[in-house]
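K.L.:
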DNA sequence: CTAGATTTGTTCGTATGTATC
DNA sequence: TGATACATACGAACAAATCTA
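Chains as they are written, first to last, in the working numbering: chain A, 1 to 263; chain B, 1001 to 1263.
1. Using DSSP's beta-bridge definition, name the partner residues of residue 1089 of chain B.
2. Hey, could you find the ends of the alpha helix (DSSP H) residue 210 of chain A is sitting in?
3. Would residue 70 of chain A and residue 120 of chain A qualify as a contact pair, given that the criterion is a beta-carbon distance under 7 Å?
4. For residue 1110 of chain B, count neighbouring C-beta atoms within 10 Å of its own C-beta (all shown protein chains included) and say buried if the count is 16 or more, exposed if not.
5. Contact criterion: CB-CB distance below 7 Å. Does residue 1081 of chain B meet it with respect to chain A?
6. I need the boundaries of the alpha helix (DSSP H) containing residue 347 of chain A, first residue and last residue.
7. Flag residue 120 of chain A as yes if its beta-carbon sits less than 7 Å from any beta-carbon of chain B, otherwise no.
8. Can you tell which of B/1089, B/1127, B/1078 and B/1168 has its C-alpha closest to the C-alpha of residue 1096 of chain B?
9. Under 7 Å between C-beta atoms, does residue 154 of chain A make it to chain B?
10. Considering residue 1049 of chain B, what are the terminal residues of the alpha helix (DSSP H) in which it resides?
11. Does any residue of chain B have a CB that is nearer than 7 Å to the CB of residue 181 of chain A?
12. From residue 1222 of chain B to residue 1090 of chain B, what does the alpha carbon distance come to, in whole angstroms?
13. Verify the CB distance criterion: does residue 165 of chain A have a CB-CB separation below 7 Å to chain B?
14. Would a check of beta-carbon distances place residue 1139 of chain B closer than 7 Å to chain A?
15. Please identify, using Cβ separations under 7 Å, the residues of the segment 102 to 126 of chain A that lie next to chain B, in order along the chain.
16. Would you please verify whether the beta carbon of residue 1069 of chain B is less than 7 Å from any beta carbon of chain A?
17. Nearest-angstrom Cα distance between residue 102 of chain A and residue 113 of chain A?
18. With DSSP as the reference, label residue 152 of chain A as helix, strand or coil.
19. Near residue 1054 of chain B, what residues of its chain come up, given a Cβ to Cβ distance below 6 Å and the 5 sequence neighbours on each side ignored?
20. How many whole angstroms separate the CB atoms of residue 181 of chain A and residue 1117 of chain B, which I take to be in contact at a CB cut-off of 8 Å?
21. Below 8 Å, how does it come out for the segment 1182 to 1198 of chain B and the segment 1153 to 1171 of chain B: are there three or more Cβ pairs, yes or no?
22. Would DSSP call residue 133 of chain A helix, strand or coil?
23. Which residues, taken in chain order from the segment 44 to 65 of chain A, show a beta carbon closer than 7 Å to some beta carbon of chain B?
24. Are any of the Cβ atoms in chain B nearer than 7 Å to that of residue 246 of chain A?
25. Using a Cβ-Cβ distance under 7 Å, would residue 162 of chain A count as near chain B?
26. In whole angstroms, what separates the C-alpha of residue 154 of chain A from that of residue 144 of chain A?
27. Counting only C-beta atoms, is residue 235 of chain A closer than 7 Å to chain B at any point?
28. At least one CB of chain B closer than 7 Å to the CB of residue 100 of chain A: is that the case?
29. What are the start and end residues of the alpha helix (DSSP H) that includes residue 1164 of chain B?
30. For residue 1057 of chain B, which residues from the same chain have a beta carbon less than 8 Å from its beta carbon, with the 5 sequence-adjacent residues on both sides left out?
31. Run down chain B in chain order and give the residues with a C-beta less than 9 Å from the C-beta of residue 73 of chain A.
32. Under DSSP, the alpha helix (DSSP H) around residue 58 of chain A begins and ends at which residues?
33. State the Cα-Cα distance for the pair residue 138 of chain A and residue 247 of chain A, rounded to the nearest angstrom.
34. What residues from chain A crowd round residue 1195 of chain B, counting only those whose CB sits closer than 7 Å?
35. Have a look at A/106, A/131, A/100 and A/227 and flag the residue whose alpha-carbon is nearest the alpha-carbon of residue 1105 of chain B.
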């Protein structure tokens, strides 16, 4: 494949960069910065696409791999999403909760969080959430809550513990959909994500999982029932007790890790 | 150019991945996830280094460029810093709360948050925080709480409303210092930051500010007194009432977070 | 100060998977 | 079904930075 750009230009550009900057930053970072500025300058909106990698490499007079690293930086920041195929490339993304939570998760991952601490928060905010959606759940949402309970039961009967736990957390995410308070929703969803991560890497004995699964099914069923009746007192009491029991189970999870990561 | 790797092996690997996963995630993302987990699992501290690129490529059975993309993701997230030369490579960086909150704030910037919604959360988490630090406040921290109350009073008497509000929030940040639960601390500090940003841009009538300042001084004084006595019931009741009153005042500002804040 | 060793940074060529037409 | 366009990935080589002797 012929190089469409002139090698002489490459040298010129690099010489120029070297002359201006005392210590040359990584080329991929310079390109990433320029792309960010370009996106802002051109007022690119979600759905717009950047030029493809080959074009960008030609524009900046560098190799594909360098452009790829720059695009990777934008992708991690949630600014763009890469797609393959024709009309693929880097597509501008809307500001998403995903990017925000990802950073938070890695931050908290290093702060030795245990279940007790997570539940000290969850126990209160989930009750607040539960109360806030009383009378706001649509028939479709109620139906999906009931369908979720059924899905959890099936996962439990299959013996798929991790999937059962994850599906049970989906129940609470459905409640979030009916809540207007976006800050509360963010915190609840974020904590649900934390718990999803944690159950992935910790395991407990089967009896615990099975008992927990049955408890969750009962609690969730009673909650849906209380929501249908619009019974505020019952919703608050049920969610409070549900959180209390969930915390007790979670604390029984085995926290031992097997490693050998850095050999 | 001869391909030194066996085509058969590559196909086998890909077939395996395709069989398990509906849509194959990018290999560099899988590696990045694994590295993140590994860093947390091995409790790597700032200053520790990851294996070099060649070793990682060998471990994951992939090319160097793929490993580089994964490392780039960690670098963008502020988890590691790349360095050239001997003893170079990916060095673990201290996790900064700044990086985590920045993304979150730009996300919340697009949401229609109002005082009622913020206080629906703050009302509960501040009480949880208040309870969690009972018996854990050092004499130095108690002294600083008292000094803070005095500073707030002086700001109020000077008529410096914004400074008074900001200083009053410092009171709650001092409480955070004594709390072990880092998730709870993060949420409380983040909300305090939201409120600090807001008082910059909103002002109410003087009577409101003055009455609020006097209320805060009384509440904070009573709280410190209850902490010194180790009176759990009083702490919980006082902080609950304090939040209730604070919310009422803040709602008189009748402002939303959407306009102007976070410029 | 120089020379060598180590490790990231960058490039080029190539091959493969994947989405669109 | 095939052709096309694009990202994804591999591998070899060299350049640049940085530490040590």
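Beta carbons: idealized from backbone N, C-alpha and C, even for Gly.
P.N.:
Let me spell this out:
1. In the DSSP output, where bridge partners are listed per residue, residue 1089 of chain B has B/1083.
2. Counting along the chain, the alpha helix (DSSP H) containing residue 210 of chain A begins and ends at 206 to 229.
3. In this structure, residue 70 of chain A keeps its C-beta atom at 7 Å or more from the C-beta atom of residue 120 of chain A.
4. Exposed is the label assigned to residue 1110 of chain B, since fewer than 16 other Cβ atoms lie within 10 Å of its Cβ.
5. Not closer than 7 Å to any Cβ of chain A, the Cβ of residue 1081 of chain B fails to qualify, so no.
6. Since the first residue of chain A shown is 1 and the last is 263, residue 347 of chain A is not available in this structure.
7. At least one chain B Cβ lies under 7 Å of residue 120 of chain A.
8. For the set B/1089, B/1127, B/1078 and B/1168, the Cα lying nearest the Cα of residue 1096 of chain B is the one of B/1078.
9. So no, residue 154 of chain A is outside the interface.
10. No alpha helix (DSSP H) contains residue 1049 of chain B, which DSSP labels as neither H nor E.
11. Taking CB atoms only, residue 181 of chain A has a neighbour in chain B less than 7 Å away.
12. Each residue's alpha carbon lies about 50 Å from the other.
13. Chain B, which has no Cβ nearer than 7 Å to the Cβ of residue 165 of chain A, makes this no.
14. It does not; no Cβ of chain A falls within 7 Å.
15. Of all residues in the segment 102 to 126 of chain A, only 103, 104, 106, 107, 108, 109, 110, 111, 113, 117, 118, 120, 121, 124 and 125 come within less than 7 Å of chain B when Cβ atoms are compared, listed by chain position.
16. Yes, because at least one Cβ of chain A sits closer than 7 Å to the Cβ of residue 1069 of chain B.
17. Going by the C-alpha atoms only, they are around 16 Å apart.
18. Residue 152 of chain A falls in the helix class under three-state DSSP.
19. Hits under 6 Å: none found.
20. Right, their Cβ atoms sit about 4 Å apart.
21. Contact between the segment 1182 to 1198 of chain B and the segment 1153 to 1171 of chain B is present, because at least three Cβ pairs lie under 8 Å.
22. Here residue 133 of chain A sits in coil by DSSP.
23. Listed in chain order, the positions of the segment 44 to 65 of chain A with a beta carbon within less than 7 Å of a beta carbon of chain B are 65.
24. Chain B, which has no Cβ nearer than 7 Å to the Cβ of residue 246 of chain A, makes this no.
25. Residue 162 of chain A is outside the set of residues whose beta carbon lies under 7 Å from a beta carbon in chain B.
26. Counting only the Cα atoms, residue 144 of chain A lies some 15 Å from residue 154 of chain A.
27. Taking Cβ atoms only, chain B never reaches closer than 7 Å to residue 235 of chain A, which makes this a no.
28. For residue 100 of chain A, the nearest CB of chain B lies under 7 Å from its own CB, placing it at the interface with that chain.
29. Residue range 1161 to 1177 is occupied by the alpha helix (DSSP H) that includes residue 1164 of chain B.
30. Cβ within range, chain order: 1063, 1064, 1066 and 1067.
31. Simply 1072, 1073, 1075 and 1076.
32. 53 to 60 is the extent of the alpha helix (DSSP H) around residue 58 of chain A.
33. Their backbone Cα atoms lie some 29 Å apart in a straight line.
34. Result: empty, since nearest Cβ-Cβ is about 12 Å, beyond 7 Å.
35. Ranking the options by Cα distance to residue 1105 of chain B, first place goes to A/100.
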